[in-house]
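Colleague:
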Amino acid sequence: MSRIGKAYEARFRALLLRLHARQLEAGVQWLLAKAQHNAEETKAPPTRSLSDAYEHLRNQVRAWEQRTRRDEVRKVSPERFVCDTGLGGLARWLRAAGYEAFWFPNIDDAELIRRARVLNAFVLTTDSLMMERGVLRDGVVPSLWLPPALTKQEQLALVLRELDLKPRDPRCMTCGGELRPTPKETLRDRIPPKTWRWIDEYFLCDRCGQLFWRGTHWQRIQAAIEKI
Numbered sequence: 003m004s005r006i007g008k009a010y011e012a013r014f015r016a017l018l019l020r021l022h023a024r025q026l027e028a029g030v031q032w033l034l035a036k037a038q039h040n041a042e043e044t045k046a047p048p049t050r051s052l053s054d055a056y057e058h059l060r061n062q063v064r065a066w067e068q069r070t071r072r073d074e075v076r077k078v079s080p081e082r083f084v085c086d087t088g089l090g091g092l093a094r095w096l097r098a099a100g101y102e103a104f105w106f107p108n109i110d111d112a113e114l115i116r117r118a119r120v121l122n123a124f125v126l127t128t129d130s131l132m133m134e135r136g137v138l139r140d141g142v143v144p145s146l147w148l149p150p151a152l153t154k155q156e157q158l159a160l161v162l163r164e165l166d167l168k169p170r171d172p173r174c175m176t177c178g179g180e181l182r183p184t185p186k187e188t189l190r191d192r193i194p195p196k197t198w199r200w201i202d203e204y205f206l207c208d209r210c211g212q213l214f215w216r217g218t219h220w221q222r223i224q225a226a227i228e229k230i
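In the numbering used here, the protein residues as written are 3 to 230.
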């Protein structure tokens, strides 16, 4: 099986676990076989058939959870993420969308998972082989696999959609700290003269001290997030 197929195998398993499927592995194999059959019948790319099968099952699971009110007792939505080494850009966009996201360059899989457990964080990865590790496969450490061909904005949209999350007040895109409103007069020596004349509201990151204001850069990022 391809690495993409392995990743979808893990995603099917995670959904069936939410249904408390009695024959979990048989169900996973049935879904994979059905996707392959559909690909052969429709001449669609295998990845498209896998994606369609996953979306169909995901919608069924959500409908069942709403009917049985299981959605009310599911785990609290993730507040914190650990992104693998290839998802540094996504970590920045998650912070812009208001979520705490950690990114550690040059970290191996075992250490990344260990840190996620310490931080009580949700693992995000494009590495299908990582998803085969028992603690991720069995849901001990919550995780989500992302198709590697997606853009950063598409990755963010997928995370928000999959986990039923909404954009919140932005955090510092550099470190993930919270942005604290700060009186303009206390920052006079840090604000460019032209900006001083037309902006009155400023924020400081409570972690790294970076200065923010609602300029064109801020507005472009928030507009992109609002379109998701």
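By construction, the Cβ of each residue, glycine as well, lies at the ideal position given by its N, Cα and C atoms.
1) Return the first residue and the last residue of the alpha helix (DSSP H) that residue 48 is part of.
2) Determine the extent of the alpha helix (DSSP H) in which residue 195 is found, giving its start and end residues.
3) With a Cβ-Cβ cutoff of 8 Å, do residue 154 and residue 220 count as a contact?
4) Where does residue 14 sit, in a helix, a strand or coil, going by DSSP?
5) Please classify residue 81: does DSSP put it in a helix, a strand, or coil?
6) Are the beta-carbon atoms belonging to residue 63 and residue 21 less than 8 Å from one another?
7) Is residue 105 buried or exposed, if buried means 16 or more other CB atoms sit within 10 Å of its CB?
8) Helix, strand or coil, according to DSSP, for residue 6 in the structure here?
9) Mapping the DSSP letters down to three states, classify residue 119 as helix, strand or coil.
Modeller: Concretely, from the data shown:
1) Here the alpha helix (DSSP H) through residue 48 covers 48–69.
2) Start and end: 195–200.
3) Taking 8 Å as the Cβ cut-off, residue 154 and residue 220 do not qualify as a contacting pair.
4) helix
5) coil
6) yes
7) Buried, by the Cβ-count rule.
8) helix
9) helix
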